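Residue numbers (the UniProt record's numbering): 1 to 256. Just so it is clear, CB atoms sit at the ideal spot from N, CA and C, and this is done for glycine as well. Every value quoted in this text rests on a predicted model; they were computed, and no experiment measured them. Taking it in order: structure first as structure tokens, then the write-up.
Given below as structure tokens:
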């Protein structure tokens, strides 16, 4: 997603770091190189090839905390809408496979008026709405007739940025009004972390909510902590270190 226009480029996730780099290279050619990329901690985004790719292009990479999708709220909202749309349109019996529908879904999202900006993402990025596969001569005539100058486009983008800032402020206040004051932890504290087990076939009802022990290595801003394995109590084959929000952490309690 390109902010603040909220223009979406949707590509299938094949869990292959090199395929991701091809998609990003094509994106940079068409839309320019961004200063910052925000992502979750999926294996594609933590791979060394991906880190090297961004470092070569002087792009800052921000990884959100594990189990904190609200930290990348714009993308998560699109994911929710995308899932709902694809579930409605996909029909394998008629060869309407989800990956064949992505172009049409991308077009629909980018040419629908956003509540946050009051404009379509296409208009904020290009100055006009895109032409779709369906020929709408009246709409095309109006787009060609209405002259969107650079000044008008700059003003439109400024208004959209102001609306986004207002929406983010409102959402932050709403979130904080229902949020408990997070518990503070110190370096060296033993803790448990929420168990986001995604193993196929595993019954989540039988899994414990939290797992551990882990150690607090460092406190970060915004109630986040760097957490790592405790020496002698490694929970997986590979040594673990990650960033977690306080809401997904609990003190390690030893049974008497």
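What is the C-beta distance between residue 227 and residue 242, in whole angstroms, given that I count them as a contact (C-beta under 8 Å)?
Sure, about 6 Å apart at Cβ, within 8 Å.
With contact counted as at least three CB pairs below 8 Å, one residue from each stretch, are the region 49-65 and the region 78-98 in contact?
Touching, no, given that fewer than three Cβ pairs across the two stretches are closer than 8 Å.
How would you write the range of the beta strand (DSSP E) that residue 210 sits in, first residue to last?
Element bounds for residue 210: 210-220.
What do you reckon, are the CB atoms on residue 67 and residue 210 nearer than 7 Å?
Not a contact, by the Cβ cut-off of 7 Å.
Do residue 7 and residue 86 have their C-beta atoms within less than 7 Å of each other?
Cβ distance not < 7 Å, so residue 7 and residue 86 don't count as in contact.
Going by Cα to Cα distance, which pick from 237, 62, 152 is closest to residue 40?
Residue 62 is the option with its Cα nearest to residue 40.
Give the single residue among 99, 130, 97, 163 whose Cα lies nearest to the Cα of residue 110.
Looking at the Cα atoms, 130 is the closest of the given residues.
Measuring CA to CA, which of 251, 102, 19 is closest to residue 193?
Among 251, 102, 19, the Cα nearest to that of residue 193 belongs to 251.
Would you check if the region 218-237 and the region 176-191 touch, i.e. whether three or more CB-CB distances between them fall below 8 Å?
Short answer: they touch.
Extract the residue ranges of the alpha helix (DSSP H) inside the region 17-78, only unbroken runs of 4 or more that lie entirely within it.
Qualifying alpha helix (DSSP H) stretches, in chain order: 17-31, 43-46, 48-56.
Once the 5 residues before and after residue 96 are set aside, which same chain residues still bring their CB inside 8 Å of it?
Correct list, in chain order: 89, 90.
Going by the CB atoms, is the gap between residue 38 and residue 72 shorter than 7 Å?
Yes, the pair counts as a contact, with Cβ atoms nearer than the cut-off.
Is the distance from the Cβ of residue 20 to the Cβ of residue 44 below 7 Å?
Yes.
For residue 4, which residues from the same chain have a beta carbon less than 8 Å from its beta carbon, with the 5 sequence-adjacent residues on both sides left out?
Hits under 8 Å: 117, 124, 157, 160, 161, 164.
Let me make sure I understand the geometry here. Which of 236, 219, 28 has the alpha-carbon closest to that of residue 189?
Of 236, 219, 28, the residue nearest in Cα terms is 219.
Sorted by chain position, which residues of the same chain lie with C-beta nearer than 7 Å to residue 207's C-beta, five sequence neighbours on each side aside?
So the qualifying residues of the chain are 195, 197.
Determine the burial state of residue 120: buried for a count of at least 16 other Cβ atoms within 10 Å of its Cβ, exposed for fewer.
That one is buried.
Going by DSSP, what residue range makes up the beta strand (DSSP E) through residue 245?
Per DSSP, residue 245 belongs to the beta strand (DSSP E) from 241-245.
What do you get for residue 215, buried or exposed, if any count of 16 or more other CB atoms within 10 angstroms of its CB means buried?
Residue 215 comes out buried.
Considering only their Cβ atoms, is the gap separating residue 106 from residue 10 smaller than 7 Å?
Yes, they are a contact pair.
Measuring CA to CA, which of 235, 213, 231 is closest to residue 249?
Residue 213 is the option with its Cα nearest to residue 249.
Secondary structure at residue 184, three-state DSSP: helix, strand or coil?
Residue state, collapsed to three classes: coil.
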